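My numbering numbers the first residue of the sequence shown as -13 and each following residue consecutively.
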Amino acid sequence: MTQSQFAYIVIGGGTAGAVVAARLAEQSGEQVALFEAGPNDEGQERVLQLRNWPNLLETDLDFDYPIEPQPRGNSLIRHARGRVLGGCSSHNSSIAFLIPDYDLQIWAEMGVEGWSSAEVAPFNQRLLEKVHLETPPPVNQLGMEMIAAANQFGFPTLDFSREQVRPGVGWFQLNKKGPIRQSSSVAYLHPLSQWGERLTIFTNSYISRILFDAQCQAIGVQTPHGPVYAEREIILACGAFDTPKLLMLSGLGPADHLIHFRLPVLADLPGVGENLLDHPESVIYWQANRDVPQETTQFWEIGLFACLEDPHGWPDLMYHFGPQPFDMQTVRYGFPTNPRAFSLTPNIARARSQGVVRLRSADAAAPPLIDFRYFTDPDGYDDRILREGIKLARRFIQESDLRHWVERELAPGPAFQTDEEISAYARQVSNTVYHPAGTCRMGDPADPLTVVDSHLRVKGVTGLRIADASVFPTMIGVNPALTVFMIGERCADFLLNR
Ligand SMILES: Cc1cc2nc3c(=O)[nH]c(=O)nc-3n(C[C@H](O)[C@H](O)[C@H](O)COP(=O)(O)OP(=O)(O)OC[C@H]3O[C@@H](n4cnc5c(N)ncnc54)[C@H](O)[C@@H]3O)c2cc1C
């Protein structure tokens, strides 16, 4: 590495990190460095072709994190995390929703200032100027009949390109252009050759520590080739697992935990690694009585939103519908499968169980310790929503015209009838929708468990901001990637208008 000083350093070239780096390079007139743990995605067809997303799971491009044993959930879940330029936006299934107004209201009630829907709207607009969205053509016969059956069952058809989510059914928008994903790297960084001296992108460069001066000002990062320094600010964008991990390795986190690992305590921030949120999901699938049409872009293109108990009528249950058996977790527990099958995957839109991310070791090479504590919220809300989600899906299929497609229910199957049986099944085979968030939450700085203020500045130090899904104060009711893009846009704006 020749140059060791830049104006800005962005750590993590993932979903939000690529957005921040590109905007700073475009507009600051200063030199920006972006450090990404994984390789370049440019020209990598296996990454760029959206339809290939399932084949990236558990590969060299996936951190593929294990989780701690889950007494009430599925301990075998592996958490995919893209380890490549674009991060999870280079790995995900590109279902594209802007953050609902309702979630922004909840954030405001929690002490987040300046993130009302009116204040967020210009940043949604900016990202939509870069990120192209498409709605898949309604060509899958089963998909079309599923939507008609849902209408018959009382769920109106929604046009997600025009309206916010409410109970109903519709084809998702996808951030893609033809078969190619619109990841943050594709939409904001490509071609990498355009940047010259404005932006230097270091791929395969894992950052092991953030460096501070005696006044607790973030001044640099430890790269595999030595320290590199930032004159202005450092932006941490490593995602909901690796951002708290890197903060703790750098001396920012719960003091007792840092002391346990003999790490220096620069700032006692008890909220670092707390509030780990997710969208836990389960699955119900049926063997079809004929071949299941496979014309899809990325397999999961239809969403059904239901309201079970939300007092405002907002959806608290979401399903993805797919023309295949989603049997990744069921088969290992002995449930049958069949290639001629289709699935509904209920997930808890605003799950309440809170987990934790901690260090496993003071060695930066060790994966973080991740304990979701799935289905442990005190009043059993998560368990109840998932269980009722299985029951509602079963009733929907039995009572709508989609029953004409069904040979038999494969999982959970007819033996599972009581609430206890369905709950035990739903939790045992549960999976993640891969939406971890919340581990460095944004909010009122006076709240001891917030980690960043409403301008994304890390408390207790200067010169350091966070831009990624870790700053979510609460889980939002839709797929989160576009919200993370928006956070990247906001972070760049805060930096450019200091
Ligand atoms: C399989 C899968 C499917 C999904 N499907 C959808 C979907 O359809 N729609 C949707 O809205 N959301 C989806 N998501 C979730 C969504 O993609 C994520 O919530 C979002 O992209 C997270 O963005 P981020 O910026 O927080 O983190 P990331 O995008 O993960 O970025 C973090 C980056 O930091 C890098 N990094 C980590 N540690 C270091 C380090 N120490 N030094 C340097 N670099 C480092 C990583 O390699 C990565 O590039 C999916 C996720 C997955 C994994």
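Built from N, CA and C at the ideal position, the CB exists for glycine as well. Small disclaimer: the values here were computed from a predicted structure and weren't measured.
Per-residue burial, residue i [other beta carbons within 10 Å of its own, 16 or more giving buried]
| i | result |
| --- | --- |
| P325 | exposed |
| R276 | exposed |
| N161 | buried |
| N417 | buried |
| I245 | exposed |
| D228 | buried |
| Q180 | exposed |
C-alpha gap between residue i and residue j, whole angstroms
| i | j | result |
| --- | --- | --- |
| N126 | P279 | 6 Å |
| S103 | L90 | 6 Å |
| V490 | E395 | The structure shown does not extend to residue 490, since the chain is modelled only from -13 through 484, so no value can be given for it. |
| I92 | T460 | 8 Å |
| K231 | E120 | 35 Å |
| F141 | R148 | 17 Å |
| R167 | A467 | 13 Å |
| A11 | I85 | 26 Å |
| P422 | G375 | 21 Å |
| P364 | S456 | 23 Å |
| P108 | W101 | 11 Å |
| R380 | N465 | 24 Å |
| R413 | E99 | 36 Å |
| E281 | D405 | 36 Å |
| P309 | H390 | 15 Å |
| A241 | V444 | 16 Å |
| F139 | Q203 | 58 Å |
Cβ-based neighbour list, residue i, same chain, cut-off 8 Å, excluding 5 preceding and 5 following
| i | result |
| --- | --- |
| P213 | S(-10), L197, G206, V207 |
| G399 | F321, P322 |
| I(-3) | G3, F21, I193, I196, V207, I220, I221, L222, A223, C224, L232 |
Beta-bridge pairing of residue i - partner residues as DSSP gives them
| i | result |
| --- | --- |
| I220 | I(-5), L450 |
| K445 | For K445, which the question treats as bridged, DSSP gives no partner whatsoever. |
| W157 | I288 |
| K377 | Partner(s): none; K377 has no beta bridge. |
CB contact flag (residue i, residue j, <7 Å)
| i | j | result |
| --- | --- | --- |
| N38 | L71 | no |
| G15 | G225 | no |
| A335 | P266 | no |
| A19 | T186 | yes |
| I193 | R451 | no |
| S329 | R373 | no |
| I53 | F361 | no |
| Y(-6) | R195 | no |
| L233 | V258 | yes |
| I81 | F158 | yes |
| G122 | T283 | Before going further, note that residue 122 is Pro rather than Gly in the sequence given. Their beta carbons are under 7 Å apart, which means P122 touches T283 by this criterion. |
| L34 | A66 | no |
| A350 | L235 | yes |
Beta-carbon proximity list for residue i, same chain, < 7 Å, skipping 5 on both sides
| i | result |
| --- | --- |
| K116 | A173, Y174 |
| C293 | P153, G299, W300, P301, D302 |
| M132 | I288, F307, L388 |
| R69 | A23, G24, L47, D48, F49 |
Chain-order list of residues whose beta-carbon lies under 6 Å from that of residue i (same chain, five-residue window excluded)
| i | result |
| --- | --- |
| Q340 | N261 |
| A253 | L238, G446, V447 |
| E22 | G(-1), L71, T189 |
Short CB-CB distance (under 7 Å) between residue i and chain B
| i | result |
| --- | --- |
| G446 | Any reference to chain B falls outside this structure, which holds one protein chain only. |
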